[in-house]
DNA sequence: CCAGAATGCGAGCGACCTCTCGCTTTTGTC
DNA sequence: GACAAAAGCGAGAGGTCGCTCGCATTCTGG
């Protein structure tokens with residue numbers, strides 16, 4: 001199969017110059033900024049082009065439509081996340097204290113979301129259409145599976161239904177804590193992160209309390 | 001001041017016939033349905049009129065603009081909520097067990113939101129413009145103040161900053177639990193309500209543990 | 001019963017948004 | 001330097017949506 005014109009739907013639609021790659025990065029950055037402040041639907045392609053300092057026509061030189069911008073942005077973020085924190089929830093040494101497991105997982109994901117606030121904006125808005133919602137669902141399912149795996153190793157004797165419910169609950173609590181965390185800066189942000197950890201640990205502690213080799217540790221506030 | 005034409009901006013803009021009141025209720029019901037399925041911004045006034053079985057012109061006979069529909073809907077819901085559950089968070093007998101206080105407050109608000117899913121759609125979407133966001137903020141502030149008052153009576157010796165943070169956290173957790181609850185039906189819904197109560201109680205328990213006349217009660221799962 | 005107000009209609013106006021198209025300018029290659 | 005491909009432009013086509021306006025119909029008070 002020769003690399004003719006009709007092969008353009010796969011991988012490399014056409015040859016890009018270095019300038020083009022730079023423009024793409026620039027446009028994605030601009031899109032991230034606009035999506036963050038206005039959300040996906042309210043963000044106009046003209047506004048994204050203006051933010052990037054190019055004409056609307058130039059934007060459509062590199063993206064077939066508005067949705068593709070969000071898709072590409074989401075894909076790149078997903079890759080970055082997998083590269084940086086792919087193992088965040090994977091290793092589940094049953095001997096790890098609950099505080100430590102929860103704390104490190106929360107820290108990793110909070111850090112990523114603080115560095116890339118678009119991620120939350122894209123994955124949280126109820127206004128995203130088709131394809132992006134699919135990405136959202138895929139991510140949610142992946143995360144849910146990870147959490148479920150982690151919890152099932154911590155809570156071996158729990159029914160699948162309870163496990164699924166508890167996992168969803170943990171994800172929901174994390175999302176709520178993330179929203180509060182992103183809404184604050186500096187020391188206050190740190191405090192919210194700590195509160196989120198407290199919530200999760202205290203929620204899960206009674207469920208794993210029967211595990212061998214664990215002592216009771218209850219610190220009412222952060223020491 | 002006579003009740004002339006220029007007095008129409010207050011209270012009763014003009015005289016309504018019974019048919020008009022019926023149409024208004026009908027339009028609001030249709031709007032609630034459309035808002036629920038598509039969100040506020042994506043909901044078109046033509047779609048609302050179609051859902052109500054009237055022409056677009058008729059809709060604008062009763063509402064000056066799209067925003068006013070949401071405002072009126074929000075106002076009516078707020079009134080219903082105040083009438084039905086206004087006292088839900090108010091009475092704070094310090095002798096009340098934490099489980100009971102949290103449980104009844106959660107039950108009341110969950111019940112209201114289950115009966116009126118529009119409420120969540122209107123108050124949750126990040127796409128709502130100006131005035132509705134104000135209503136949202138007002139409600140949030142009110143609820144926050146109530147929670148803060150309730151917690152301050154349970155936790156007398158806590159700094160105002162910690163109190164505010166804990167209150168916000170509780171509200172955020174409630175919102176997360178509400179979303180999960182609304183996403184399920186029947187027995188599963190009940191289970192999520194119970195999990196939400198567990199989360200809140202376990203989160204707050206260590207903070208009120210020093211209160212006199214309380215015994216430790218830790219039930220790993222719902223009995 | 002009738003005058004005037006309230007209700008009801010639906011084509012269509014203006015604003016905005018996504019995306020296109022013909023064109024010029026820049027870049028890489030021989 | 002010549003030439004093709006890529007990058008860049010911006011007016012505007014085509015479409016949707018909020019909302020209006022002129023006119024027809026139904027109600028209500030005197």
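Chains as they are written, first to last, in the UniProt record's numbering: chain H, 1 to 223; chain B, 1 to 223. Glycine residues also receive a C-beta, built at the ideal position from the N, C-alpha and C atoms.
Determine the direct distance from the alpha carbon of residue j to that of residue i, and round the result to whole angstroms.
| i | j | result |
| --- | --- | --- |
| residue 95 (chain H) | residue 102 (chain H) | 13 Å |
| residue 149 (chain H) | residue 155 (chain H) | 10 Å |
| residue 63 (chain H) | residue 16 (chain H) | 13 Å |
| residue 27 (chain B) | residue 21 (chain B) | 10 Å |
| residue 46 (chain B) | residue 132 (chain B) | 20 Å |
| residue 124 (chain B) | residue 139 (chain B) | 12 Å |
| residue 165 (chain B) | residue 177 (chain H) | 11 Å |
| residue 39 (chain H) | residue 71 (chain B) | 22 Å |
| residue 223 (chain H) | residue 57 (chain H) | Confidence at residue 223 (chain H) is low in this model, with a pLDDT of 40, below 50, so its placement is unreliable and the value that follows should be read with caution. In a straight line, the C-alpha of residue 223 (chain H) is about 57 Å away from that of residue 57 (chain H). |
| residue 10 (chain B) | residue 83 (chain B) | Model confidence at residue 10 (chain B) stands at a pLDDT of 45, short of 50, so the residue's coordinates are unreliable; what they give is reported in the following sentence. Distance between the alpha carbons of residue 10 (chain B) and residue 83 (chain B): 24 Å. |
| residue 99 (chain B) | residue 100 (chain H) | 28 Å |
| residue 48 (chain B) | residue 67 (chain B) | 13 Å |
| residue 147 (chain H) | residue 153 (chain H) | 10 Å |
| residue 188 (chain H) | residue 85 (chain B) | 32 Å |
| residue 208 (chain H) | residue 97 (chain B) | 25 Å |
| residue 214 (chain B) | residue 158 (chain B) | A caution first: residue 214 (chain B) carries a pLDDT of 46, below 50, which makes its placement in the model too unreliable to give a value. |
| residue 115 (chain B) | residue 79 (chain H) | 41 Å |
| residue 81 (chain B) | residue 52 (chain H) | 46 Å |
| residue 137 (chain B) | residue 145 (chain B) | 12 Å |
| residue 113 (chain B) | residue 59 (chain H) | 43 Å |
Out of the options, which one is the CA nearest neighbour of residue i?
| i | options | result |
| --- | --- | --- |
| residue 143 (chain H) | H:128, H:25, H:15 and H:175 | H:175 |
| residue 30 (chain H) | H:69, H:64, H:57 and H:78 | H:69 |
| residue 141 (chain B) | B:54, B:168, B:161 and B:181 | B:168 |
| residue 193 (chain B) | B:180, B:202, B:55 and B:205 | B:180 |
| residue 50 (chain B) | B:119, B:34, B:108 and B:182 | B:34 |
| residue 54 (chain B) | B:24, B:74 and B:200 | B:24 |
| residue 184 (chain B) | B:83, B:56 and B:117 | B:117 |
| residue 42 (chain B) | H:104, H:65 and H:129 | H:129 |
| residue 122 (chain B) | B:37, B:208, B:14 and B:19 | B:37 |
| residue 19 (chain H) | H:61, H:48 and H:44 | H:61 |
| residue 173 (chain H) | H:198, H:153 and H:134 | H:198 |
| residue 111 (chain H) | H:75, H:74, H:136 and H:190 | H:190 |
| residue 104 (chain B) | B:203, B:161 and B:196 | B:196 |
| residue 65 (chain H) | H:52, H:79 and H:44 | H:44 |
Taking the CB atoms as reference points, tell me whether residue i and residue j lie closer together than 9 Å.
| i | j | result |
| --- | --- | --- |
| residue 151 (chain H) | residue 163 (chain H) | yes |
| residue 119 (chain H) | residue 77 (chain H) | yes |
| residue 106 (chain B) | residue 200 (chain B) | yes |
| residue 186 (chain H) | residue 135 (chain H) | no |
| residue 126 (chain B) | residue 126 (chain H) | yes |
| residue 203 (chain H) | residue 202 (chain B) | yes |
According to DSSP, is residue i part of a helix, a strand, or is it coil?
| i | result |
| --- | --- |
| residue 54 (chain H) | coil |
| residue 128 (chain H) | coil |
| residue 112 (chain B) | helix |
| residue 18 (chain B) | helix |
| residue 184 (chain B) | coil |
| residue 225 (chain H) | Residue 225 (chain H) falls outside the range modelled here, since chain H spans only 1 to 223, and no answer is possible. |
| residue 117 (chain H) | helix |
| residue 39 (chain B) | coil |
| residue 68 (chain H) | helix |
| residue 3 (chain H) | Here residue 3 (chain H) scores only 41 on pLDDT, less than 50, and its place in the model should not be relied on; the value that follows carries that caveat. Reduced to three states, the DSSP call for residue 3 (chain H) is coil. |
| residue 145 (chain H) | helix |
| residue 160 (chain B) | helix |
| residue 206 (chain H) | helix |
| residue 63 (chain B) | coil |
| residue 223 (chain B) | Any answer about residue 223 (chain B) is weak, because its pLDDT of 39 lies below 50 and its placement is not dependable; what the coordinates show is given next. DSSP places residue 223 (chain B) in coil when its eight states are reduced to three. |
| residue 45 (chain H) | helix |
| residue 25 (chain H) | helix |
| residue 95 (chain H) | coil |
Can you pull the chain H residues whose beta carbon is under 8 Å from the beta carbon of residue i, in chain order?
| i | result |
| --- | --- |
| residue 180 (chain B) | 168, 169 and 172 |
| residue 39 (chain B) | 126 and 127 |
| residue 195 (chain B) | 165, 166 and 169 |
Going along chain H, which residues have a C-beta under 7 Å from residue i?
| i | result |
| --- | --- |
| residue 105 (chain B) | Going along chain H, no residue has its Cβ under 7 Å from residue 105 (chain B), so there is no contact; the nearest lies around 17 Å. |
Taking C-beta pairs closer than 8 Å, name the residues in chain B that residue i reaches, listed in chain order.
| i | result |
| --- | --- |
| residue 175 (chain H) | 176 |
| residue 138 (chain H) | Those do not exist, as residue 138 (chain H) stays about 18 Å from chain B at its closest Cβ, beyond 8 Å. |
| residue 42 (chain H) | 41 and 127 |
Cβ closer than 9 Å: which chain H residues qualify as neighbours of residue i?
| i | result |
| --- | --- |
| residue 191 (chain B) | 161, 162 and 165 |
At a CB-CB cut-off below 7 Å, which residues of chain B make contact with residue i?
| i | result |
| --- | --- |
| residue 198 (chain H) | 203 |
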